[in-house]
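First residue of the sequence shown: 39, per the working numbering; consecutive thereafter.
Virtual Cβ for every residue (Gly too), placed ideally from N, Cα, C.
Single-structure report; data block below.
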Amino acid sequence: MKEVILTPEGYKKLQQEIEYLSNDKRREVADRIRIAREFGDISENAEYDDAKNEQALLEHRIATLEERLLSARVITKKEISKDAVSVGAHVRLRDMQANKTFEYHIVGSSEANPAENKLSNESPVGKAIMGRKKGEIVEVAAPRGKRKFKIMDIKAA
Numbered sequence: 039m040k041e042v043i044l045t046p047e048g049y050k051k052l053q054q055e056i057e058y059l060s061n062d063k064r065r066e067v068a069d070r071i072r073i074a075r076e077f078g079d080i081s082e083n084a085e086y087d088d089a090k091n092e093q094a095l096l097e098h099r100i101a102t103l104e105e106r107l108l109s110a111r112v113i114t115k116k117e118i119s120k121d122a123v124s125v126g127a128h129v130r131l132r133d134m135q136a137n138k139t140f141e142y143h144i145v146g147s148s149e150a151n152p153a154e155n156k157l158s159n160e161s162p163v164g165k166a167i168m169g170r171k172k173g174e175i176v177e178v179a180a181p182r183g184k185r186k187f188k189i190m191d192i193k194a195a
């Protein structure tokens, strides 16, 4: 089983999702099944089939999340280095070619969300900057060619 690295925020979010799916969503799906059963013969009942399929997907999702929670390792503030890039750190990078600055929160792969500037430690950029120090320049193979980034700042989250 692969270790899942989570920030305390990510761990709490995962627990909340399991709680919601296990309680509210399960009840909602059970109600759909009960209502669909009242339509009569379940052998030709599309609503019933759809509700049962949703139930199967829901149970699979809950099991997957619970497994992730069991194999989770939560990064503590003490583990977040201010000297080198690590999971949990906020990193400011400058794209040397485009001369633009980006700020990312380095997280485990299960928490990654580019829209929220949460960059996975397993992404190409994440891998390249892990363990590197402020001021270092790293080269990353990207779909549009190699990119160079300078690490401008590292802060503990």
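{"query": "Presumed contact (8 Å Cβ cut-off) between residue 126 and residue 144, rounded CB distance", "result": "7 Å"}
{"query": "Buried versus exposed, by CB contacts within 10 Å (16 or more), residue 149", "result": "buried"}
{"query": "C-beta atoms of residue 85 and residue 94 nearer than 9 Å", "result": "no"}
{"query": "For residue 91 and residue 146, the rounded distance between their alpha carbons", "result": "31 Å"}
{"query": "Minimum C-alpha distance to residue 185 - residue among 80, 88, 136", "result": "136"}
{"query": "Nearest to residue 192 (by Cα), restricted to the options 153, 134, 130, 138", "result": "130"}
{"query": "Residue environment, residue 189, which counts as buried when at least 16 other CB atoms sit within 10 Å", "result": "buried"}
{"query": "Spatial distance of residue 48 from residue 88 (CA atoms)", "result": "31 Å"}
{"query": "Backbone CA spacing between residue 175 and residue 63 [nearest angstrom]", "result": "47 Å"}
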